[in-house]
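Undergrad: In this note's numbering, the protein residues as written are 5 to 676.
Just so it is clear, CB atoms sit at the ideal spot from N, CA and C, and this is done for glycine as well.
One structure is given below, represented as structure tokens, and several questions about it will come after.
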Amino acid sequence: MNTQDEKQNDAVVDSTSPISLPISDNEFLRLVNKKISDANVYYDKIGLNSRSKRNEKYYKGGSDDDEELEDWQIDYKDNMIYQDEETRLSLAGSRLPDIVVVPSSKDAKASEIAKLQEKALNITLKSSNMQCLVKDILRQRDIKFRSAVKITWDKTIGDDGDYLFKLVDVDKLILDPNANIPHFGFTTDNMQYIAEFIEEPVGEVLAKFPDKKDEIFKELGYIKGTTAQMASIIRYTEFHFTWYDKDGKNIEGVGWKYGDVVLKTQKTPYWDWDGKEISSEEPNEMGEFDVETVYKNFFDRPRKPYILATHINLGKDPIDVTTPIEQAIPLQRIINKRGRQITEISDSTVGKLGFAGEYISKDRVEEMSTDPKEYIYLDSADDIRKAVTVFPGSQVSPILYQDLVSNRGQIDSKFSTHSTTRGETVDNASGKSKQITREGDLTISDDLVNITIVRLMSEMAQWATQMMVTQYKTPHFVRNLGKDGELVEIELQRDNIDDGVSIMVDASTVDKSKRRSEALLMASQRNIDPLSMFEDMDLPNPKERTRRLVSFLMGVQDGYSRYSDDVGLDEKEKEESEDKAVEDIKTLVSGGEVEPEDIDEAYLRTFIDFVGSDAFGEIPPQAQQKIQEYVSRLKGMAGGSGAIAPDGQAMPEQPLEGNLPEEMPPPQTGMV
5 MNTQDEKQND
15 AVVDSTSPIS
25 LPISDNEFLR
35 LVNKKISDAN
45 VYYDKIGLNS
55 RSKRNEKYYK
65 GGSDDDEELE
75 DWQIDYKDNM
85 IYQDEETRLS
95 LAGSRLPDIV
105 VVPSSKDAKA
115 SEIAKLQEKA
125 LNITLKSSNM
135 QCLVKDILRQ
145 RDIKFRSAVK
155 ITWDKTIGDD
165 GDYLFKLVDV
175 DKLILDPNAN
185 IPHFGFTTDN
195 MQYIAEFIEE
205 PVGEVLAKFP
215 DKKDEIFKEL
225 GYIKGTTAQM
235 ASIIRYTEFH
245 FTWYDKDGKN
255 IEGVGWKYGD
265 VVLKTQKTPY
275 WDWDGKEISS
285 EEPNEMGEFD
295 VETVYKNFFD
305 RPRKPYILAT
315 HINLGKDPID
325 VTTPIEQAIP
335 LQRIINKRGR
345 QITEISDSTV
355 GKLGFAGEYI
365 SKDRVEEMST
375 DPKEYIYLDS
385 ADDIRKAVTV
395 FPGSQVSPIL
405 YQDLVSNRGQ
415 IDSKFSTHST
425 TRGETVDNAS
435 GKSKQITREG
445 DLTISDDLVN
455 ITIVRLMSEM
465 AQWATQMMVT
475 QYKTPHFVRN
485 LGKDGELVEI
495 ELQRDNIDDG
505 VSIMVDASTV
515 DKSKRRSEAL
525 LMASQRNIDP
535 LSMFEDMDLP
545 NPKERTRRLV
555 SFLMGVQDGY
565 SRYSDDVGLD
575 EKEKEESEDK
585 AVEDIKTLVS
595 GGEVEPEDID
605 EAYLRTFIDF
615 VGSDAFGEIP
625 PQAQQKIQEY
635 VSRLKGMAGG
645 SGAIAPDGQA
655 MPEQPLEGNL
665 PEEMPPPQTG
675 MV
């Protein structure tokens with residue numbers, strides 16, 4: 005990150021504006037048209053569009069063989085590609101990595117600022133919306149061989165706008181085919197240009213480029229611009245490119261054009277080109293204060309606002325050479341064909357009736373069978389079993405079943421999503437075999453996470469930081485509920501974000517699973533405290549869970565009253581239970597019978613309080629005895645000892661196994 009002592013050395017200074025770009029409209033038009041034309045030639049050479057459309061067709065359940073089917077054939081589809089692709093995405097996209105912000109120094113204030121920024125990034129980038137975005141990115145890449153996320157500043161978010169990550173329609177995106185994806189740095193660092201076709205209403209385009217209204221109308225053939233015309237959709241080009249000045253210094257620029265109209269050109273907007281003048285704290289030898297222009301940026305240089313997702317790449321271009329969907333299509337075709345064959349042969353196993361015309365008329369035959377396809381009629385035959393016979397149907401060959409099962413298994417292997425991983429029952433498979441298969445699938449899923457998702461999230465976190473330090477000119481707030489249910493509110497502003505921080509991304513999917521297993525093992529051996537156990541298991545509200553557990557374990561001593569208070573019995577239910585208990589007490593005092601049902605703590609507490617009250621001593625002895633017996637029954641139903649402690653507390657006899665300490669003081673006894 006550029007510190008306040010660093011200067012912007014690679015920027016071209018223009019006397020009119022810090023973001024103006026030294027390129028003429030004609031140069032820009034020639035550049036855009038030439039680069040897009042060259043890219044389209046390359047895309048056609050590798051068949052990118054046709055291969056993408058074929059992948060999408062099979063993902064949706066289509067087939068190359070649809071038009072080859074005869075009318076009598078079964079339109080059989082067993083879409084393994086969709087099933088395995090979605091399982092693969094669920095495995096990889098369900099665990100977003102953790103974002104770690106490393107402070108610029110060991111200073112306590114720097115660490116505190118870094119921690120706040122870390123919380124804000126994790127809240128924003130690990131949300132459910134971001135999880136959906138990541139899955140969409142992976143799905144698009146598997147279908148169309150490339151995928152991209154665009155970073156924009158959306159003025160409609162909040163009071164002052166905020167950064168936004170959105171999925172790009174790659175059918176409208178042109179990537180530099182001469183660039184490759186670097187192993188280090190950002191995925192677009194080697195790109196000389198990226199073009200995107202934007203489709204928006206005419207009115208919205210005019211709002212963005214009001215100075216070009218007349219030229220846009222001329223290009224469209226509009227005279228004034230009616231309401232319908234202003235609402236019509238047009239497509240224009242947004243072109244991000246690297247430009248070089250006369251001294252060979254590179255500049256990251258962006259421009260927009262519609263037809264032959266250049267709407268605007270400028271330097272990339274998400275970079276601090278203006279800087280801020282800061283005077284030195286002490287005068288120089290001449291007695292003057294030095295003035296230095298410093299720039300607030302996280303990146304070391306300007307970048308194009310796109311992040312690419314790639315996985316299977318040979319380093320020749322930014323396009324993946326293949327995907328699991330493309331690899332599975334030949335197998336999917338065989339599965340569809342074998343399934344159709346098996347279904348058609350199975351239908352034909354029903355025996356066919358044969359009739360001899362010499363012995364039975366066709367009218368009589370039609371009376372016997374209403375479907376002409378289900379019998380065979382011969383006008384003349386020596387002996388077809390004297391009028392009627394049955395032709396048995398052929399049985400399905402086991403080879404067809406074996407080929408079908410084998411090809412289904414091969415597609416599972418392409419995606420690393422076998423039936424065991426999907427949670428399906430597997431016949432004749434040992435537990436060890438299932439475990440090995442599942443671990444193998446998860447290992448490959450982790451590879452996808454580490455290669456694609458971790459890098460994607462890393463670039464997103466760094467881009468988010470760059471947007472904060474350049475665009476958060478006013479305070480921005482990030483709010484969320486913490487693990488313990490408390491409200492987390494973080495205030496961020498560009499001047500409060502420390503210089504020199506670094507961003508790391510930690511997938512730790514295997515480590516988390518291992519920590520959970522170890523926590524459960526140590527808990528069974530009583531070698532871990534509850535709070536550490538809940539934290540290692542990554543459960544929400546670990547402190548609240550610990551407090552409730554302690555209250556529950558202490559319940560043997562206080563009749564679970566503290567636990568009941570901690571959990572919080574619904575007041576309405578509590579009042580209803582108390583009212584029911586009062587009515588039952590009246591019934592017992594009057595000599596009636598009561599059958600206990602749906603006993604809860606409030607009901608039992610009402611009886612215990614009554615037994616310990618002065619009113620209990622005023623009722624007849626027979627009624628006292630009856631109520632004492634009833635209370636004993638209640639405590640017996642609740643697992644109690646049948647006795648009431650001197651303080652009126654109900655004393656459970658046995659703690660719940662596995663939850664309470666092995667040795668507890670013996671229950672107190674007392675007769676009422």
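Which class does Pro546 belong to by DSSP, given the choice of helix, strand or coil?
TA: For the purposes of this step, residue 546 is taken as residue 542 along the sequence shown, with counting starting at 1. The answer is helix: DSSP assigns Pro546 an H, G or I state.
Undergrad: What residue range is occupied by the uninterrupted alpha helix (DSSP H) comprising Met558?
TA: Here residue 558 refers to the residue found at position 554 of the sequence shown. No alpha helix (DSSP H) holds Met558; DSSP gives it neither H nor E.
Undergrad: Let me confirm a value: Ile237 is counted as buried when at least 16 other C-beta atoms fall within 10 Å, else exposed. Which label applies?
TA: As a position in the sequence shown, residue 237 is number 233, starting the count at 1. When all chains shown are included, Ile237 counts as exposed.
Undergrad: List in chain order: all unbroken beta strand (DSSP E) runs of 3+ residues lying wholly within the stretch 439-488.
TA: 480-485
Undergrad: Between which two residues does the alpha helix (DSSP H) holding Pro205 run?
TA: Residue 205 sits at position 201 when you count from the first residue of the sequence shown. Careful: Pro205 lies outside any alpha helix (DSSP H), inside the beta strand (DSSP E) at 197-205.
Undergrad: In the structure shown, what three-state DSSP assignment does Gln270 receive?
TA: Locating residue 270 in the sequence shown gives position 266, where the first residue counts as 1. In this structure, Gln270 counts as strand in the three-state DSSP scheme.
Undergrad: Alpha carbon to alpha carbon, how far is Lys418 from Leu52?
TA: Position 414 of the sequence shown, counting from 1, holds the residue named residue 418. Position 48 of the sequence shown, counting from 1, holds the residue named residue 52. Spanning the two alpha carbons is a distance of roughly 21 Å.
Undergrad: So Val635 packs on Val615, CB below 8 Å; how close in whole Å?
TA: If you number the sequence shown from 1, residue 635 lands on position 631. If you number the sequence shown from 1, residue 615 lands on position 611. About 6 Å separates the two Cβ atoms, so the contact holds.
Undergrad: For the alpha helix (DSSP H) containing Leu35, name the first residue and the last one.
TA: Counting from 1 along the sequence shown, the entry for residue 35 is found at position 31. First-last of the alpha helix (DSSP H) with Leu35: 29-49.
Undergrad: Starting from Leu168, trace the beta strand (DSSP E) both ways and give me its first and last residue.
TA: For the purposes of this step, residue 168 is taken as the residue at position 164 of the sequence shown. Taken as a continuous stretch (DSSP letters only), the beta strand (DSSP E) holding Leu168 covers 166-171.
Undergrad: Give me whichever residues DSSP pairs with Trp157 in a beta bridge.
TA: Counting from one through the sequence shown, the residue named residue 157 turns up at place 153. Trp157 is bridged to Tyr167.
Undergrad: Would Asp164 and His480 qualify as a contact pair, given that the criterion is a beta-carbon distance under 9 Å?
TA: For the purposes of this step, residue 164 is taken as the residue at position 160 of the sequence shown. For the purposes of this step, residue 480 is taken as the residue at position 476 of the sequence shown. Their beta carbons are under 9 Å apart, which means Asp164 touches His480 by this criterion.
Undergrad: Under 7 Å Cβ to Cβ from Thr683, same chain only, skipping five residues before and after it: list those, please.
TA: As shown, the chain starts at 5 and ends at 676. That puts residue 683 outside it, with no answer to give.
Undergrad: Could you check if Gln336 is buried or exposed, using at least 16 other CB atoms within 10 Å of its CB as the buried criterion?
TA: By one-based count along the sequence shown, residue 336 stands at place 332. By the 10 Å Cβ count, Gln336 comes out buried.
Undergrad: Tell me whether the stretch 494-509 and the stretch 462-476 touch, counting them as touching only if at least three CB pairs, one residue from each stretch, are closer than 8 Å.
TA: yes
Undergrad: For the alpha helix (DSSP H) containing Lys610, name the first residue and the last one.
TA: If you number the sequence shown from 1, residue 610 lands on position 606. In the sequence under discussion, the amino acid at residue 610 is Thr, which differs from the Lys named in the question. Thr610 -> alpha helix (DSSP H) spans 605-615.
Undergrad: DSSP three-state call for Ile494: helix, strand or coil?
TA: Within the sequence shown, residue 494 is the residue found at index 490, counting from 1. It is a strand residue.
Undergrad: Classify Pro650: buried if its beta carbon has 16 or more other beta carbons within 10 angstroms, exposed otherwise.
TA: In the sequence shown, the residue the question calls residue 650 occupies position 646. Per-residue confidence for Pro650 stands at a pLDDT of 34, beneath the threshold of 50, marking its modelled position as unreliable; no derived number is given.
Undergrad: Specify the secondary structure class of Arg239 as computed by DSSP and reduced to three states.
TA: As a first step, residue 239 must be located in the sequence shown, where it is residue number 235. DSSP, reduced to helix, strand and coil, places Arg239 within a strand of the structure shown.
Undergrad: So if DSSP puts Val409 in a beta bridge, which residue, or which two residues, is it bridged to?
TA: By 1-based counting over the sequence shown, the position of residue 409 is 405. Its beta-bridge partners do not exist; DSSP assigns none.
Undergrad: When we look at the beta-carbon of His244 and count the other beta-carbons within 10 Å, is it buried (16 or more) or exposed?
TA: As a first step, residue 244 must be located in the sequence shown, where it is residue number 240. That one is buried.
Undergrad: Helix or strand or just coil, what does DSSP make of Leu312?
TA: Numbered from its first residue, the sequence shown carries residue 312 at position 308. In the structure shown, Leu312 sits in a strand (DSSP, three-state: E or B).
Undergrad: Between Leu142 and Asp562, what straight-line distance do the alpha-carbon atoms span, to the nearest angstrom?
TA: Reading the sequence shown from its first residue, position 138 is the one you call residue 142. Reading the sequence shown from its first residue, position 558 is the one you call residue 562. Those two C-alpha atoms are separated by around 55 Å.
Undergrad: Please classify Phe188: is it buried, with 16 or more other beta-carbons within 10 angstroms of its beta-carbon, or exposed?
TA: Locating residue 188 in the sequence shown gives position 184, counting from the first residue. Counting Cβ neighbours within 10 Å, Phe188 comes out exposed, since fewer than 16 surround it.
Undergrad: Using the rule of at least 16 other Cβ atoms within 10 Å of the residue's Cβ for burial, across every protein chain shown, is Met195 buried or exposed?
TA: For this step, residue 195 is matched to residue 191 along the sequence shown. Buried, since its Cβ has 16 or more Cβ neighbours within 10 Å.
Undergrad: Can you check which of these residues, Gly444, Arg566, Tyr607, Ile50, is closest to Lys584 by C-alpha distance?
TA: Locating residue 584 in the sequence shown gives position 580, where the first residue counts as 1. Ranking the options by Cα distance to Lys584, first place goes to Tyr607.
Undergrad: Under 9 Å, Cβ to Cβ, is there at least one residue of chain B near Val45?
TA: Structure shown: chain B not included; a single protein chain is present.
Undergrad: How many angstroms separate the CA atom of Tyr226 from the CA atom of Phe213?
TA: Taking the first residue of the sequence shown as position 1, residue 226 is located at position 222. Taking the first residue of the sequence shown as position 1, residue 213 is located at position 209. Taking the CA atoms as reference points, Tyr226 sits about 16 Å from Phe213.
Undergrad: I'd like to know whether the C-beta atoms of Asn317 and Ile185 end up nearer to each other than 9 Å.
TA: Walking along the sequence shown from the start, residue 317 turns up at place 313. Walking along the sequence shown from the start, residue 185 turns up at place 181. Yes, these two residues count as a Cβ contact at 9 Å.
Undergrad: If you draw a straight line from the alpha carbon of Met678 to that of Leu525, how long is it in whole angstroms?
TA: A query on residue 678 cannot be resolved here, the shown segment of the chain reaching from 5 to 676 and no further.
Undergrad: Taking buried to mean at least 16 other C-beta atoms within 10 Å of its own C-beta, is Pro181 buried or exposed?
TA: Taking the first residue of the sequence shown as position 1, residue 181 is located at position 177. Counting Cβ neighbours within 10 Å, Pro181 comes out buried, since at least 16 surround it.
Undergrad: Is DSSP giving Asn254 helix, strand or coil here?
TA: The sequence position of residue 254 within the sequence shown is 250, counting from 1. Note: Asn254 maps to strand in three-state DSSP.
Undergrad: Just list the residues that DSSP pairs Asp102 with in beta bridges.
TA: Sequence index remark: in the sequence shown, residue 102 carries index 98 (1-based). DSSP output for Asp102 lists Asp510 as bridge partner(s).
Undergrad: Could you tell me which residues DSSP pairs with Gly259 in its beta bridges?
TA: Translated into positions along the sequence shown, residue 259 becomes position 255. Beta-bridge pairing links Gly259 to Phe243, Thr269.
Undergrad: Would you identify the three-state DSSP class for Glu281, choosing helix, strand or coil?
TA: Along the sequence shown, one-based indexing puts residue 281 at 277. Reduced to three states, the DSSP call for Glu281 is strand.
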